[in-house]
Ligand SMILES: [Zn+2]
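Residue numbers (our numbering): 12 to 135.
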């Protein structure tokens, strides 16, 4: 582990974000294709016996969960890139204080500093 810089390197973070965004978009494409292929496969096969149908339902649900998670991740990364473009990335939405660079390294899409995030979480 390298020491966390006091000052956030936005250029570096931008590169990281763009890289993660592209990776996630590629994963989402792969997973969407796998899901579509799977759905075609079930469709072609027609209704099997009930055990098969049960497996098919759970596997379909699993595909759905994976694509939904990737889509959510992609949205977050997209938001972070927008915020980077606007110059608001790394600033807490609630108190306007800088979000610690260490936090942004782990969660580049973080929109709140740690104390504000815990307050926001408690309100939910
Ligand atoms: Zn804050």
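Ideal Cβ placement from N, Cα and C applies to all residues, glycine included. Quick caveat: nothing in here was measured; it's all calculated off a predicted structure.
- Would you decide whether residue 130 is buried or exposed? Buried here means 16 or more other CB atoms lie within 10 Å of its CB. exposed
- Item | residue 109 (DSSP reduced to helix, strand or coil) | strand
- Item | Contact set for residue 117: own chain, Cβ-Cβ below 7 Å, skip 5 residues either direction | none
- Query: Considering only residues of the same chain and omitting the five flanking positions on each side of residue 25, which have a CB-CB separation below 8 Å?
  - Reply: 92, 95
- Query: Looking at residue 74 and residue 108, is the spacing between their C-beta atoms short of 8 Å?
  - Reply: no
- For residue 102: DSSP bridge partner residues: 109
- Express the C-alpha separation of residue 35 and residue 70 in angstroms, rounding to a whole number. 21 Å
- Task: Might you give, ordered along the chain, the residues of its own chain that have their beta carbon closer than 8 Å to the beta carbon of residue 39, omitting 5 neighbours on each side?
- Result: 78, 81, 82, 85
- Which class does residue 96 belong to by DSSP, given the choice of helix, strand or coil? Assigned with DSSP and collapsed to three states, residue 96 falls in helix.
- What whole-angstrom Cβ distance do residue 100 and residue 21 have, given they're in contact under 8 Å? 7 Å
- Item | Inter-residue spacing [alpha-carbon to alpha-carbon] between residue 28 and residue 128 | 21 Å
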